[in-house]
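First up is the structure itself, then whatever we jot down about it.
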Amino acid sequence: MTRNIYEQHLDRNDANYLPLTPLTYLRRSAQVYPDRIAQIHGDRRITWAETYERCRRFASALQKQGIGLGDTVAVMAPNVPALFEAHFAVLMVGGVLNALNTRLDAAALTFILNHGEAKVLITDRELNDVMKDAVADLGRDIFVVDIDDPEYTGDNDHLGTVEYEDFIAAGDPGYEWSYPADEWQACCLNYTSGTTGNPKGVVYSHRGAYLISTGNALAWNIPSHPVYLWTLPMFHCNGWGFPWTVAMVAGTSVCLRRVDAGNIFRAIAEHKVNHFCGAPIVLGMLINATAEQRRNFDHPVKVMTAGAPPPAAVLLKMEREGFDVTHVYGLTECYGPAVVCAPQDGWSLLADEVRAETKSRQGVPYHMLEDLMVADAGTLEPVPRDGETMGEVFMRGNLIMKGYLKNPDATDAAFAGGWFHTGDLGVWHPDGYIQLKDRSKDVIISGGENISSIEVEGVLYKHPAVITAAVVAKPDEKWGETPCAFVELKPGVEVTADEIIAFCRERLAKFKCPRYVVFGDIPKTSTGKIQKFKLRDMLPED
1050 MTRNIYEQHL DRNDANYLPL TPLTYLRRSA QVYPDRIAQI HGDRRITWAE TYERCRRFAS
1110 ALQKQGIGLG DTVAVMAPNV PALFEAHFAV LMVGGVLNAL NTRLDAAALT FILNHGEAKV
1170 LITDRELNDV MKDAVADLGR DIFVVDIDDP EYTGDNDHLG TVEYEDFIAA GDPGYEWSYP
1230 ADEWQACCLN YTSGTTGNPK GVVYSHRGAY LISTGNALAW NIPSHPVYLW TLPMFHCNGW
1290 GFPWTVAMVA GTSVCLRRVD AGNIFRAIAE HKVNHFCGAP IVLGMLINAT AEQRRNFDHP
1350 VKVMTAGAPP PAAVLLKMER EGFDVTHVYG LTECYGPAVV CAPQDGWSLL ADEVRAETKS
1410 RQGVPYHMLE DLMVADAGTL EPVPRDGETM GEVFMRGNLI MKGYLKNPDA TDAAFAGGWF
1470 HTGDLGVWHP DGYIQLKDRS KDVIISGGEN ISSIEVEGVL YKHPAVITAA VVAKPDEKWG
1530 ETPCAFVELK PGVEVTADEI IAFCRERLAK FKCPRYVVFG DIPKTSTGKI QKFKLRDMLP
1590 ED
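Under our numbering, the sequence shown has 1089 at position 40, and the numbering climbs by one with no breaks.
Encoded structure:
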């Protein structure tokens, strides 16, 4: 068959094609902005040139340890330079970075280390108590490197045979890393929460990592040289891709070991932080901060939030505090954020409450996500764009994972019909914006009526005494299920269950209102997601 004219001697070659990888962002920033500060951690200031050299030393040291193509390197650390640098160094040798959740127990960590077949473990000394138990149960040897961070003031023992700074110092500063042979090559491994069994290992590619980092910059309109505060754990979907995004725009990463309102306000004021990410729980910290925790700042601060649908009341309070909040939505399986509530010009003219409700929707696809729809879970037939008809949220495109490690059945189920099945339920508005209504497992069916726990929670957050709220189904002999509200109150504030219920009845149909209210601390993951499976074990008796 004769090829058309555009297929004749116009092939890919080394001059016109290189696999996409976020490593190019690091190299460029080091070349173009060598003296700009890349990392701030306590009293340390590390430039982009120094960061690039440290990553090359790190990669060289890993190679000397036998790490190469397809080998897993696990890192257990808070947001410190070692974890930031691992997002580049591990990829430089063809390895796969497995950033571990710092709140997991030893049994879960042992499972992950073995399932991912980690050959090297890099662990912060503060976390060595749990890692000691996890390593002891591995049933095999693993090379361990300790991070002895000067910002850690505790006295935990070392677990490894070498400290991180000594480990990378032994590496070659001129190490010549290579592009991946194929941009589809795996670069990162992240584990889902595993609330219904062992967690699933989500595999990312160099291509996807490159595109999510680019998508972040486009979706958030990030300028060159932002000052980015690490309130979001870097282990969570690789920090939503922001280690690579910050490198792309030659920004400054301000590390934060302890995420609390005081530390956030202090960093904003002292380092002129102008961007940070976090779950709604982080927003709650800020709007409920004490006078002692607050600091004055006079520059704009952009906040990206996801992890759970943010209540409109919280968004409105953040806006009044001077923060510009962008709401995004995604899952581990789509590199973190893949959907953004892109602002429209007319929204500024809306009344405060209406604007906040509008901005609380999940939104439209990222630039790098090709398709998004709300559809019937069985037929994949899109639902009407009426803002009322419920369906499952589906995605497809270049921001979707390679698949689940060693789990072909789960991978095939997730990709059935040529779409990624999120398991989230939502509606599609006439303007094309989607809005979540619940996880499929969290919908409350009471007397044959579906109740969105998110809708009820949104009302509870409007109560002036409430800091955090979560609603789950409680079995009921008459109705099948009925809403039960778990509520955290502001310090020093008292309110009764009857008052909470009455507040809801003024704003919701009666059948949607909680019949039970439980006061106290609400269990959350390290990224601020409320653990509803634990709340179901805490349901009150009749």
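Ideal placement from N, C-alpha and C gives every residue a C-beta, glycine not left out.
Please name the residue in the options whose C-alpha comes closest to that of residue i.
i       : options                               : result
Pro1322 : Arg1344, Ala1546 and Pro1130          : Reading off the sequence, residue 1322 comes out as Val, not Pro. Among Arg1344, Ala1546 and Pro1130, the Cα nearest to that of Val1322 belongs to Arg1344.
Ile1086 : His1320, Glu1504, Tyr1453 and Asp1458 : His1320
Gln1411 : Ala1126, Arg1564, Leu1067 and Ile1483 : Ile1483
Leu1158 : Val1184, Leu1059 and Val1145          : Val1184
Tyr1378 : Cys1326, Val1363, Leu1335 and Lys1351 : Cys1326
Ala1079 : Val1298, Asp1186 and Met1450          : Val1298
Val1508 : Lys1181, Glu1555 and Glu1225          : Glu1555
Ala1391 : Phe1372, Glu1406, Pro1414 and Gly1371 : Pro1414
Leu1187 : Gly1165, Asp1173 and Glu1175          : Gly1165
Phe1535 : Ile1500, Arg1585 and Val1211          : Arg1585
Ile1571 : Trp1293, Val1492, Lys1561 and Val1515 : Val1515
Leu1454 : Val1442, Gly1467 and Asn1239          : Asn1239
Gly1197 : Phe1469, Asp1215, Ile1191 and Asp1182 : Checking the displayed sequence, the identity of residue 1197 turns out to be Asp instead of Gly. Asp1197 has its Cα closest to that of Asp1215, out of Phe1469, Asp1215, Ile1191 and Asp1182.
Lys1451 : Asn1163, Tyr1253 and Ser1109          : Tyr1253
Ile1313 : Gly1446, Thr1294 and Leu1335          : Leu1335
Asp1394 : Leu1059, His1274 and Lys1408          : Lys1408
Ser1262 : Trp1226, Gly1472 and Gly1300          : Gly1300
Pro1199 : Lys1573, Trp1226, Val1350 and Pro1130 : Pro1130
Val1423 : Leu1118, Ser1109 and Gly1481          : Gly1481
Asp1329 : Val1350, Val1211, Thr1375 and Pro1349 : One point to set straight first is that residue 1329 is Pro, not Asp, in the sequence displayed. Pro1329 has its Cα closest to that of Thr1375, out of Val1350, Val1211, Thr1375 and Pro1349.
Glu1419 : Ala1318, Asn1150 and Gly1467          : Gly1467
Looking only at its own chain, which residues have a Cβ that is under 8 Å from the Cβ of residue i, when we skip the five neighbours before and after it?
i       : result
Asn1177 : Asp1195, Asn1205, Asp1206, His1207 and Leu1208
Ala1316 : Leu1278, Val1303, Leu1305 and Val1322
Ala1218 : Arg1106
Tyr1228 : Leu1067, Pro1068, Thr1070 and Leu1072
Ala1098 : Ala1079, Pro1083 and Asp1084
Between the C-alpha atoms of residue i and residue j, what's the straight-line distance to the nearest angstrom?
i       : j       : result
Leu1421 : Gly1475 : 12 Å
Ala1235 : Gly1440 : 32 Å
Ser1397 : Arg1404 : 7 Å
Leu1557 : Met1367 : 24 Å
Lys1599 : Tyr1510 : Nothing can be reported for residue 1599, as the shown portion of the chain is limited to 1050 through 1591.
Asp1063 : Trp1269 : 33 Å
Val1520 : Ser1502 : 5 Å
Ile1271 : Val1124 : 28 Å
Tyr1201 : Gly1311 : 18 Å
Arg1052 : Asp1231 : 25 Å
Met1353 : Val1388 : 12 Å
Phe1582 : Ala1518 : 15 Å
Thr1244 : Asp1491 : Because the pLDDT at Thr1244 is just 43, under 50, the model does not fix this residue reliably, and the value given afterwards should be weighed accordingly. Taking the straight line joining both Cα atoms gives about 13 Å.
Tyr1224 : Gly1144 : 15 Å
Val1139 : Leu1399 : 48 Å
Arg1076 : His1416 : 24 Å
Can you name, in chain order, every residue of its own chain whose Cβ lies under 6 Å from the Cβ of residue i, other than the five neighbours on each side?
i       : result
Thr1241 : Pro1248, Lys1249 and Thr1381
Glu1134 : Arg1103, Cys1104 and Phe1107
Glu1406 : Ala1361
Asp1120 : Gly1144 and Lys1168
His1470 : Ala1463
Arg1061 : none
When DSSP builds the beta bridges, which residues end up paired with residue i?
i       : result
Leu1485 : Gly1475
Tyr1378 : Val1388
His1324 : Tyr1277 and Lys1351
Ala1601 : Residue 1601 is absent from the structure shown; the chain starts at 1050 and stops at 1591.
Lys1573 : Ile1579
Glu1102 : BP columns for Glu1102 are empty, so no partner.
Arg1094 : Ile1089
Pro1431 : Ala1424
His1470 : Phe1443
Pro1414 : Val1388
Taking CB distances under 7 Å as the criterion, tell me whether residue i reaches chain D.
i       : result
Pro1329 : The chain labelled as chain D is not found in the depicted structure, where only one protein chain is given.
Note down, in chain order, each residue of its chain lying with its Cβ closer than 7 Å to the Cβ of residue i, except the 5 sequence neighbours on either side.
i       : result
Thr1438 : Val1432 and Val1476
Val1566 : Ala1534, Val1536, Ala1546, Ile1549 and Ile1550
Phe1568 : Val1536 and Leu1538
Tyr1259 : Leu1069, Thr1070 and Pro1071
Asp1309 : Met1334
**Request:** Entirely within the region 1128-1208 and at least 3 residues each: give me those beta strand (DSSP E) ranges in chain order.
**Result:** Within the region 1128-1208, the complete beta strand (DSSP E) runs of at least 3 residues are 1145-1148, 1167-1173 and 1192-1196.
**Request:** Taking only runs that begin and end inside the region 1205-1271, name each unbroken beta strand (DSSP E) of 3 or more residues, in chain order.
**Result:** Here the runs fully enclosed are 1235-1240 and 1250-1254.
**Prompt:** For the region 1494-1561, which segments carrying the alpha helix (DSSP H) assignment without a break, of at least 4 residues, lie completely within its bounds, in sequence order?
**Reply:** 1502-1509 and 1546-1554
**Prompt:** Can you list, in chain order, the stretches of the alpha helix (DSSP H) that have 4 or more residues and sit fully within the region 1291-1323?
**Reply:** 1291-1297 and 1310-1320
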